[in-house]
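Chemist: Okay, handing you the structure first.
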Amino acid sequence: MTPDKRIIAAVYHLSKDLGKHFKLQDINLQIANGEFVFLVGPSGAGKSTLLRMMYMDDYPASGQVVVGKFVSTRMRRKTIPNLRRKIGIIFQDFRLLEDRTVFENIALAMKVTGTGMGEIKRQMTEILTRVGLYHKRYDYPPALSGGEQQRVAIARAIANRPAVLLADEPTGNLDPAATKNILELLFKINAGGTAVLMATHDIDLVKSFGQRIIYLEEGRIVRDKEMIYVGDIRDRIDQSKVSRRAEMLSDHEITDGGKE
Ligand SMILES: Nc1ncnc2c1ncn2[C@@H]1O[C@H](COP(=O)(O)OP(=O)(O)OP(=O)(O)O)[C@@H](O)[C@H]1O
Ligand SMILES: [Mg+2]
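Our numbering applies: residue -2 is where the sequence shown begins, and numbers increase by one.
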C-alpha cells in the first residue's frame, strides 16, 4: 500500500476483553480505498468480533476504529444508521427477509437511504443484472439456492454504493461451485472500486489469490502480508493461472510480517 493512498477503514490499538477467556489485543490494520483484504484465522480467533467492531455494533475498550469519516470514539447512537449506509455487510447465513421478494429485500435497503421508488426501479435492473439474478427478482429467498441467496445479500449490501464491504465468512454455507461464484462476484465488485474485507477460516481457499491476508490468532494479528497485485483479481480465480500468478507475485512482496 502506498502511503498516499486514502485509507477507507482502519483500526488503531484496539483492545477488548470478551468474556473470561478471550480478548482482542492491540489490533492495528488499515485498508486503502479499493483494496481487497482477507482476514483469516481459525474458529474462535476473533474475526467476527473484530468485524462487528468495524461496523460498530460493539466498541473497543481501548483504541479506535475509523471507517470513512466515522470514528468509534465519537459515535453517537443516532449516527450509527449513517455509518451503516456507508458500508455494506454480508454474513454466512445471508440474513434476508424471507417473506419479501428478492426485489423487496434490495429495495428496502435503498429506501432507508431516502431513494424514491422510481429511482430504485431504475437502479434495480443494473444491480440485479450485476449479481445475475434479474430473472429471479420476484422470487422469495427460501425458493433460492444458498449461492443465490448470498448474491441477493450482496446486491443488498452494494445497493447504496458503499466504499467498503465487510464480509463475514460469506462462503461458509456454500458448496465449492457457489463459493467460486461468490468470490468472483466479490472480486468484480472490488474491481469496481469498493474496498472489501472478507473474513474466513479457510486459508486454503484464499491463499492462492495473491491478495493481502491478515492473519488473526487468539485475538491478535500475527501476520499482515501486503502484496502488490497486477491486473484483474478475477483472473486469479482460474486455477490454471493461480500458481503462476502466486509465483510471480511472491517476487513483489513489499512487506512481510512484523507490521505494527
Ligand atoms: N460478547 C461476547 N461475550 C463473550 N465472549 C464472546 C463475545 N463475543 C465473542 N466472544 C468470544 O470471542 C471469541 C472469538 O469469537 P468470534 O466469533 O469473533 O471468532 P471467529 O474468528 O469469528 O470464529 P468462527 O470462524 O468460528 O466464526 C470466542 O471465543 C467467543 O466465544
Ligand atoms: Mg466468525
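Even for Gly, the Cβ is constructed at its ideal location relative to N, Cα and C. Bear in mind that the values here come from a model prediction, so they are computed numbers and not experimental data.
Taking 8 Å as the threshold (C-beta atoms), are Gly43 and Leu26 in contact?
Modeler: For Leu26 and Gly43, no; Cβs fall outside 8 Å.
Chemist: Give me every residue whose Cβ sits closer than 7 Å to any heavy atom of ligand 2, in chain order.
Modeler: Those satisfying the condition are, in chain order, Lys44, Ser45, Asp165, Glu166 and Ala196.
Chemist: For a test of your reading of the model: does the CB of Ala6 fall under 7 Å from any non-hydrogen atom of ligand 1? Yes or no.
Modeler: No, the Cβ of Ala6 stays beyond 7 Å of every heavy atom of ligand 1.
Chemist: Cβ-heavy atom distance between Leu171 and ligand 4 below 7 Å?
Modeler: This structure lacks ligand 4; its bound ligands are ligand 1 and ligand 2.
Chemist: Note down the Cα distance separating Met51 from Phe184, rounded to an integer number of angstroms.
Modeler: Their Cα atoms are separated by approximately 21 Å.
Chemist: Please indicate yes or no: does the CB of Ser12 lie closer than 7 Å to some heavy atom of ligand 1?
Modeler: Result no, Cβ not under 7 Å from ligand 1.
Chemist: Compute every distance between the C-beta of Leu15 and the non-hydrogen atoms of ligand 1, then say whether any falls below 7 Å.
Modeler: Yes, Cβ of Leu15 sits closer than 7 Å to a heavy atom of ligand 1.
Chemist: Just verifying my parser: in three-state terms, what is the DSSP assignment at Val109?
Modeler: Val109: coil per DSSP, three-state reduction.
Chemist: Note down, in chain order, each residue of its chain lying with its Cβ closer than 7 Å to the Cβ of Leu48, except the 5 sequence neighbours on either side.
Modeler: Around Leu48: Leu163, Asp165 and Ala196.
Chemist: Going by DSSP in three states, Val193 sits in which element: helix, strand or coil?
Modeler: Strand at Val193.
Chemist: Let's see if you can read the secondary structure: which residues bound the alpha helix (DSSP H) around Glu145?
Modeler: Note, Glu145: alpha helix (DSSP H), Gly143 to Ile155.
Chemist: Tell me whether the beta-carbon of Ile278 lies closer than 8 Å to the beta-carbon of Ala174.
Modeler: Here the chain comprises residues numbered -2 to 257, so residue 278 is not present and cannot be evaluated.
Chemist: Quick check on the burial criterion: 16 or more other C-beta atoms within 10 angstroms. Buried or exposed for Gly189?
Modeler: Classification for Gly189: exposed.
Chemist: Give the list of continuous beta strand (DSSP E) stretches no shorter than 3 residues that lie fully inside the segment 68 to 119.
Modeler: Segments of the beta strand (DSSP E) lying fully in the segment 68 to 119: 84 to 88.
Chemist: Measure the alpha-carbon distance for Lys83 versus Ile77 and round it to whole angstroms.
Modeler: Taking the straight line from one Cα to the other gives about 10 Å.
Chemist: Compute the distance between the beta-carbons of Lys99 and Val63, then report whether it is under 8 Å.
Modeler: Per the sequence presented here, residue 99 reads as Val, with Lys not at that position. Not a contact, by the Cβ cut-off of 8 Å.
Chemist: CB Ser128 to CB Ala152, shorter than 8 Å?
Modeler: Looking at the sequence itself, residue 128 is Val, so the reference to Ser does not match. In contact: Val128 and Ala152 (Cβ atoms closer than 8 Å).
Chemist: For Phe88, verify whether its CB is less than 7 Å away from any heavy atom of ligand 1.
Modeler: Answer for Phe88: no, Cβ out of range of ligand 1.
Chemist: To the nearest whole angstrom, what separates the beta carbons of Lys66 and Ala29, a pair I think is in contact under 8 Å?
Modeler: Incorrect: roughly 16 Å between the Cβ atoms, too far for contact.
Chemist: Any heavy atom of ligand 1 within a distance shorter than 7 Å of the CB on Ala58?
Modeler: No - ligand 1 has no heavy atom lying nearer than 7 Å to the Cβ of Ala58.
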